[in-house]
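Engineer:
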Amino acid sequence: MSSASVVFANFVASCTCLIDQSVSGPLRPPKAAGSIPACNRLFFSYLVKYVLTRWKRCVTGKSPRLGASQQQGCFASASRMWSCRSGCSKQHVDHECGRYMEDEFPAPRGAKKSTTSKYLLGGTVLAFVIAIIWFPLVFFAFGNTVGEPNPPTDVTVKIRIGPFLPVYQMSAQAHNIDVFTEAEYSQLSNLYARDRTAQTFLSNYMFNDVAVVSINPNSTSKWEISPPELDRLEREAVSNATISVKFSYIITHPSNSANNPPTIEDSREVPMEAYIDGEPNPEREKLLKMLSGQASDDTWLNIKKLFPKFLKVFNKGTAKPLYQLSVASPGGDADNRYYRDVQLRLERDRAATYWRVRELCDTQVRIVARCENCVIVTTATCSCASSETAPPPTGECGNCVIRSYYRDVQLRLERDRAATYWRVRELCDTQDPLLSIPLNNCDMLVMYTFNDKLFPETLNFISGGGIIGLYTTFVFLASRVLRGFFSGIYSKIMFDDLPNVDRVLQLCLDIYLVREAMEMTLEEDLFAKLVFLYRSPETMIKWSRPKEEEGNEEPRAIRPPPQ
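Residue 533 in the UniProt record's numbering sits at position 533 of the sequence shown; the count goes up by one each step and never skips.
#1: Between residue 471 and the rest of its own chain, which residues show a CB-CB distance below 7 Å, the 5 nearest in sequence each way excluded?
#2: Within 10 Å of its beta-carbon, does residue 484 have 16 or more other beta-carbons around it, so buried, or fewer, so exposed?
#3: So, at 7 Å on beta carbons, what are the nonlocal neighbours of residue 187 in its own chain, with the 5 sequence-adjacent residues on each side left out?
#4: Among the candidates 301, 173, 198 and 315, whose CA atom is the shortest distance from the CA of residue 216?
#5: For residue 390 and residue 358, I'd like the C-alpha separation in whole angstroms.
#6: Compare the beta carbon distance of residue 297 and residue 427 with 8 Å and say whether it is the shorter of the two.
#7: Quick one: which unbroken beta strand (DSSP E) runs of 3-plus residues sit fully inside the UniProt domain "Piezo non-specific cation channel cap" (404-546)? Chain order, please.
#8: Do residue 348 and residue 422 have their beta-carbon atoms positioned less than 8 Å apart in this structure?
#9: Give, in chain order, every unbroken run of the beta strand (DSSP E) that is at least 3 residues long and sits entirely within the UniProt domain "Piezo THU9 and anchor" (94-141).
#10: What distance in whole Å lies between the Cβ atoms of residue 475 and residue 132, which are believed to be in contact at a cut-off of 8 Å?
#11: Could you pull out every unbroken beta strand (DSSP E) segment of at least 3 residues lying fully inside the stretch 141-177, listed in chain order?
#12: Bridge partners for residue 252 per DSSP, in chain order?
#13: DSSP on residue 290, reduced to helix/strand/coil?
#14: In whole angstroms, what separates the C-alpha of residue 546 from that of residue 498?
#15: For residue 229 versus residue 164, is the C-beta distance shorter than 8 Å?
#16: List, from N- to C-terminal side, the alpha helix (DSSP H) runs of 4 residues or more that fit wholly inside the stretch 210-244.
#17: Am I right that residue 309 and residue 326 are in contact with their C-beta atoms under 8 Å? What's the rounded C-beta distance?
#18: Below 8 Å, can you find three or more Cβ-Cβ pairs linking the stretch 440-460 to the stretch 212-226?
#19: Out of 355, 314, 239 and 231, point me to the one whose CA is closest to residue 149's CA.
#20: For residue 275, write down the residues that DSSP places opposite it in a beta bridge.
#21: Express the C-alpha separation of residue 185 and residue 277 in angstroms, rounding to a whole number.
#22: My output table needs one value for residue 246: the three-state DSSP class, helix, strand or coil.
#23: To the nearest angstrom, report how far apart residue 88 and residue 521 are at their CA atoms.
#24: Between residue 197 and the rest of its own chain, which residues show a CB-CB distance below 7 Å, the 5 nearest in sequence each way excluded?
#25: Compare the Cα-Cα distances from residue 539 to each of 509, 468, 504 and 289 and report the closest residue.
#26: Grab me the residues of residue 544's own chain with a C-beta within less than 8 Å of its C-beta, minus the 5 sequence neighbours each way, in chain order.
#27: When you compare the stretch 204-211 with the stretch 120-132, are there three or more beta-carbon pairs, one atom per stretch, that lie closer than 8 Å?
#28: In terms of alpha-carbon separation, which member of 238, 479, 252 and 508 lies closest to residue 626?
#29: Using a threshold of 8 Å, state whether the C-beta atoms of residue 254 and residue 153 are closer than that.
#30: Straight-line CA distance for residue 155 to residue 467?
#31: Does the beta-carbon of residue 409 have 16 or more other beta-carbons within 10 angstroms, so that it is buried, or is it exposed?
#32: Is residue 180 near residue 218, with beta carbons less than 8 Å apart?
#33: Would residue 514 and residue 530 be called neighbours here (beta carbons separated by less than 8 Å)?
#34: What do you get for residue 112, buried or exposed, if any count of 16 or more other CB atoms within 10 angstroms of its CB means buried?
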């Protein structure tokens with residue numbers, strides 16, 4: 001809030017309090033006419049008039065001409081004087097109102113506070129502390145009601161063996177991404193009815209927050225590898241070096257915040273050792289046979305713990321595998337619950353099929369002119385009518401053709417030599433407990449994603465930092481507010497607990513009076529006296545003594561007119 005707004009608020013509060021006092025009864029001698037401007041006077045016009053008058057006096061005073069910096073200093077000094085005086089007046093009016101309330105409704109000394117007042121004050125503070133703790137949790141829990149389901153719109157997976165091109169690449173889009181129905185979600189929950197960990201996790205989601213991504217087992221592209229690179233891969237398969245198999249996925253989902261990217265990328269890398277327990281790795285031998293074309297049709301390359309079956313997708317642009325819904329392998333590590341085994345097989349088709357395209361061209365037709373809105377194509381025996389002389393021909397010449405911006409094309413299906421591609425599937429058998437999960441299919445690569453709801457755009461400024469950021473901001477703000485109530489109280493006792501403010505307030509009223517009369521010199525003297533009171537605690541004590549004490553009469557700066 002600007003200083004002008006603060007001054008205006010203080011002045012209105014002072015006028016309101018003074019009017020209330022005049023109704024209830026005077027607490028001081030009658031004020032001179034015109035000593036206090038009416039509350040309904042346009043405040044800012046009065047402020048501008050006062051500041052401009054002081055600035056004019058500063059510029060046109062004893063010094064005939066001042067520099068720009070000196071004129072700016074005069075303007076700032078006048079504004080500061082106005083703000084200080086208005087603040088002092090407002091403060092003393094509030095103090096006098098407080099003293100008036102104490103006189104009208106006195107509290108007996110040494111009386112015990114009522115239980116109601118204690119519970120009212122303590123309960124308010126306790127409710128405020130509880131609100132600080134619970135507000136972020138309630139807000140994000142409320143997001144499950146106002147948030148919208150945010151399933152992925154595209155999922156792309158890739159499998160790479162070593163540093164070579166991906167052997168498998170496939171995408172799943174809208175028609176391959178299904179959302180659970182309420183019945184399917186109830187079936188999933190019943191499967192884990194005895195698992196408390198799974199039940200706790202599932203309770204955080206609704207049925208429309210679970211998406212089922214069905215990925216085709218056949219790669220969308222052929223395995224393009226040059227013969228030298230193929231020989232290099234075969235040499236690595238027979239060597240003692242470790243070959244890594246990398247599974248990467250890219251998830252795309254809607255986002256309404258620039259800080260949250262709509263694309264999420266992550267990967268999982270599994271080493272394929274040359275030896276296991278001192279014995280040659282049989283999977284390396286299978287890989288070598290597949291590359292050389294000596295493997296049988298039912299040979300599959302097994303990759304352990306590569307595929308994340310369950311994923312938790314966050315709106316912050318991250319995704320992580322889940323273990324709550326997986327089954328631990330007997331004797332396996334706890335981390336193995338995050339991933340599933342997959343199988344790879346190199347397929348060789350009889351022929352590669354692709355499309356060939358060409359532009360439709362006639363050997364007897366050539367372009368001889370280009371008019372404004374069309375291209376005129378004609379033979380040598382047919383003349384082109386220019387757009388400047390006559391309309392282009394339409395049908396007079398049999399060999400004359402008019403083409404627009406586009407040309408005709410032709411398509412043909414071609415079949416090339418044998419094609420090579422990879423096929424992938426998830427390793428599952430009839431005893432697998434995950435077969436009972438709705439929409440699971442061993443013939444496909446099925447992935448389940450649990451997606452956070454998408455907050456409305458109007459709440460992004462609160463939920464954008466997450467629950468940790470909201471806790472940090474909220475607790476910091478609350479601590480600053482509470483600290484502001486109690487910090488620096490000792491330094492304000494001198495001015496907040498004045499037993500009698502009539503004389504100090506009368507000085508402020510006298511300043512208003514001389515300012516209304518445009519007595520600038522006298523106003524400066526009175527303002528200097530007001531500043532001296534705040535700088536001299538001893539003088540302030542004398543001026544604010546209670547009325548009951550004798551010998552505390554202090555003459556006014558300006559005597560009131562006789563009645």
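All C-beta atoms, glycine included, are put in the ideal place defined by N, C-alpha and C. All values reported here derive from a predicted model rather than from experimental measurement.
Structural biologist: If we stick to the structure as given:
#1: Excluding residues within five positions, the ones whose Cβ falls inside 7 Å are 136.
#2: exposed
#3: 438
#4: 173
#5: Only weak support exists for where residue 390 lies, its pLDDT of 43 falling under 50; the value from the coordinates is given anyway. Roughly 34 Å between the two C-alpha positions.
#6: no
#7: 409-416, 420-426 and 445-451
#8: no
#9: none
#10: 6 Å
#11: Under the rule that a run must span 3 or more residues, the beta strand (DSSP E) segments found entirely inside the stretch 141-177 read 154-161 and 168-172.
#12: Looking at the DSSP assignment, residue 252 forms a beta bridge with 154 and 263.
#13: Correct three-state label for residue 290: helix.
#14: 9 Å
#15: yes
#16: 227-238
#17: 6 Å
#18: The way I'd put it, the stretch 440-460 does touch the stretch 212-226; three or more beta-carbon pairs between them come closer than 8 Å.
#19: 314
#20: Per DSSP, the beta bridge partners of residue 275 are 280.
#21: 43 Å
#22: strand
#23: Straight-line Cα distance between these residues: approximately 20 Å.
#24: Cβ neighbours of residue 197 beyond the five flanking positions: 324.
#25: 504
#26: 498, 499, 500, 501, 503 and 504
#27: no
#28: Residue 626 is absent from the model: the chain starts at 1 and stops at 563.
#29: Yes, they are a contact pair.
#30: 27 Å
#31: exposed
#32: no
#33: Going by C-beta atoms, residue 514 is not nearer than 8 Å to residue 530.
#34: exposed
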